[in-house]
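In numbering that gives the first Met the number 0, the protein residues as written are 0 to 297. Beta carbons are placed, not taken as given, at the ideal position from N, Cα and C, and that holds for glycine. Below is one structure; the comments refer to it alone.
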Amino acid sequence: MNQLGKSDLYVSPLSFGCMSLGENATTYKDMLRKAVDAGINYFDTADLYQKGLNELYVGEALRPIRKDILIATKVGNQWRSDGSGWDWNPHKAYILKSVEQSLKRLKTDYIDLYQLHGGTIDDPIDETIEAFELLKQQGKIRWYGLSSIRPNVIREYVRRSNMVSVMMQYSLLDHRPEEELLDLLNNHGISVICRGAVAQGLLVGKAADSYLQYTDGEVAKAAKAVAKLAAETDLDPLDIALGYVWGHPAVATVVLGMRTAAQLDEAVRTLRRAVPLSGLQREQLRHAVRSFHYEGHR
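In structure tokens:
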């Protein structure tokens with residue numbers, strides 16, 4: 000288990016991204032309980048997913064073992080009344096209202112980690128922080144964090160808040176956090192919750208396609224480098240893809256979306272090994288991809 004920032008939360012190196020859950024109650028309950036039995040203790044959802052139904056599914060499945068696991072959810076995206084989409088709302092009043100709905104759906108009286116689901120530099124950041132701090136004082140949340148890849152937003156929350164984590168996309172094919180954010184967060188005792196570590200499966204066997212600013216040829220080259228290192232170390236490509244991000248000390252856990260029992264089984268095998276790559280191995284992989292830097296929100 001890894002400590003999440005300076006909090007008293009200890010998370011499994013691999014965690015369950017619940018957005019991928021289907022709506023079949025038997026299937027999702029079975030998946031989540033099997034994940035717990037395999038040593039996964041951290042489950043990530045959001046009030047945005049399936050218009051709140053995802054929180055409901057997670058709450059129903061995990062209620063019998065609530066004290067044994069950690070539930071993280073997110074706030075900030077407000078569904079329009081006609082259901083046509085959502086609008087960004089980081090205001091204190093909205094957060095305080097939304098947490099009550101999330102608690103009800105999750106069938107719990109506290110949330111282990113409450114995360115702002117996005118953020119812009121023009122937000123009323125101090126007001127947003129006030130909301131999270133108040134919820135902490137009230138015992139409705141244990142800790143709070145941010146879900147963002149924007150350097151300018153992350154820097155402000157590092158400076159102004161007591162957040163313990165930042166959820167961000169990070170992989171061999173999206174190594175932008177290495178530019179400054181990973182070291183910044185690590186130096187301040189703030190953990191990274193990594194998503195997108197397998198780059199939509201492109202690093203672990205999915206047919207090559209363009210990804211972010213990379214061509215399909217560049218993606219294929221990166222996947223080949225992952226497969227080569229896997230063969231040299233007697234590991235699987237998934238071990239290598241996750242080992243790359245586990246190799247940075249800021250990363251506390253990697254969130255994977257798992258839709259099938261086979262995907263869960265593969266993830267559990269990787270969790271049992273949980274091999275962070277060495278600096279030399281990480282550098283070897285980085286030579287297979289050209290550098291990718293932040294262009295906006297700096």
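Practice prompt. Select from 112, 89 and 97 the residue whose C-alpha is nearest the C-alpha of residue 125.
Written response: It is 89 whose Cα lies nearest to the Cα of residue 125.
Worksheet entry | Distance, residue 80 Cα to residue 248 Cα | Cα to Cα, residue 248 sits roughly 43 Å from residue 80.
Worksheet item: Under the three-state reduction of DSSP, which class applies to residue 120: helix, strand or coil?
Response: It is coil, neither helix nor strand.
Practice prompt. Classify residue 199 as helix, strand or coil using the three-state DSSP reduction.
Written response: DSSP places residue 199 in coil when its eight states are reduced to three.
Fill in: Whole-angstrom distance between residue 101 and residue 78, CA atom to CA atom
Residue 78 and residue 101 have their C-alpha atoms roughly 14 Å apart.
Worksheet item: On the premise that residue 112 lies in contact with residue 56, defined as a C-beta separation below 8 Å, what is that separation, rounded to the nearest angstrom?
Response: Rounded to the nearest angstrom, the Cβ distance from residue 56 to residue 112 is 18 Å, too far for a contact under 8 Å.
Worksheet item: Do residue 164 and residue 192 have their CB atoms nearer than 7 Å?
Response: Yes.
Worksheet entry | Same chain, Cβ closer than 6 Å to residue 118, five either side skipped, listed in chain order | Cβ within range, chain order: 147 and 152.
Item to complete: Could you please give the first and the last residue of the uninterrupted alpha helix (DSSP H) stretch that includes residue 151?
Response: Where residue 151 is concerned, the enclosing alpha helix (DSSP H) stretches over 150–159.
Worksheet entry | Where the alpha helix (DSSP H) through residue 96 begins and ends | Looking at the DSSP string, the run of the alpha helix (DSSP H) that includes residue 96 is 91–105.
Worksheet item: Hey, how far is the Cα of residue 237 from the Cα of residue 246?
Response: C-alpha separation (whole angstroms): 14 Å.
Discussion item. Going by DSSP in three states, residue 258 sits in which element: helix, strand or coil?
Written reply: In the displayed model, residue 258 falls within coil according to three-state DSSP, outside both helix and strand.
Fill in: Check whether residue 306 and residue 255 have beta carbons under 7 Å apart
No information on residue 306 is available, as it lies outside the stretch 0 to 297 that the chain covers here.
Worksheet entry | Nearest to residue 212 (by Cα), restricted to the options 171, 239 and 104 | The candidate whose alpha carbon is nearest that of residue 212 is 171.
Item to complete: Would you identify the three-state DSSP class for residue 146, choosing helix, strand or coil?
Response: Reduced to three states, the DSSP call for residue 146 is strand.
Worksheet item: Any idea if residue 295 is buried or exposed, counting beta-carbon neighbours within 10 angstroms, 16 or more meaning buried?
Response: Burial call: exposed.
Worksheet item: Going along the chain, which residues of its own chain have a beta-carbon closer than 6 Å to the beta-carbon of residue 10, five neighbours each way excluded?
Response: Counting only Cβ-Cβ distances below 6 Å, and skipping sequence neighbours, we find 1, 3, 41, 251 and 252.
Discussion item. Here's a check: name, in chain order, each residue in its chain whose Cβ is nearer than 7 Å to the Cβ of residue 290, leaving out the five neighbours to either side.
Written reply: Excluding residues within five positions, none has a Cβ falling inside 7 Å.
Practice prompt. Can you tell me which of 38, 187 and 173 puts its alpha carbon nearest to the alpha carbon of residue 197?
Written response: Here the closest residue by C-alpha is 173.
Worksheet item: For residue 136, which residues does DSSP report across the bridge?
Response: None; residue 136 has no bridge partner.
Worksheet item: How would you call residue 214, buried or exposed, if buried means at least 16 neighbouring beta carbons within 10 angstroms?
Response: The residue is exposed, with fewer than 16 neighbouring Cβ atoms inside 10 Å.
Discussion item. Can you look up residue 41 in the DSSP assignment and give me helix, strand or coil?
Written reply: It is a strand residue.
Worksheet item: When DSSP builds the beta bridges, which residues end up paired with residue 173?
Response: Listed as beta-bridge partners of residue 173 by DSSP are 170.
Worksheet entry | The beta strand (DSSP E) enclosing residue 280, as first and last residue numbers | Here residue 280 belongs to no beta strand (DSSP E); instead the alpha helix (DSSP H) covers 278–285.
Discussion item. Rounding to the nearest angstrom, what Cα-Cα distance links residue 209 and residue 226 in this structure?
Written reply: Roughly 18 Å separates the two Cα atoms.
Discussion item. Between which residues of its own chain and residue 287 is the CB-CB distance below 6 Å, once the five residues before and five after are set aside?
Written reply: Same-chain partners within the cutoff: 220, 221 and 224.
Worksheet item: Any heavy atom of the ligand FMN within a distance shorter than 6 Å of the CB on residue 83?
Response: Within the structure as shown, the ligand FMN is missing, as the structure has no ligands at all.
Worksheet item: Pick from 96, 93, 259 and 108: whose alpha carbon is nearest that of residue 70?
Response: That would be 108, whose Cα lies nearest to the Cα of residue 70.
Worksheet entry | Nonlocal neighbours in the same chain, by C-beta distance under 8 Å from residue 272, ignoring five residues either side | Excluding sequence positions up to five before and after residue 272, its CB lies within less than 8 Å of the CB of 234 and 238, all in the same chain and listed in chain order.
Discussion item. For residue 20, list the residues DSSP reports as bridge partners.
Written reply: DSSP lists no partner for residue 20.
Worksheet item: Which stretch, first to last residue, makes up the beta strand (DSSP E) that contains residue 69?
Response: Residues 69–74.
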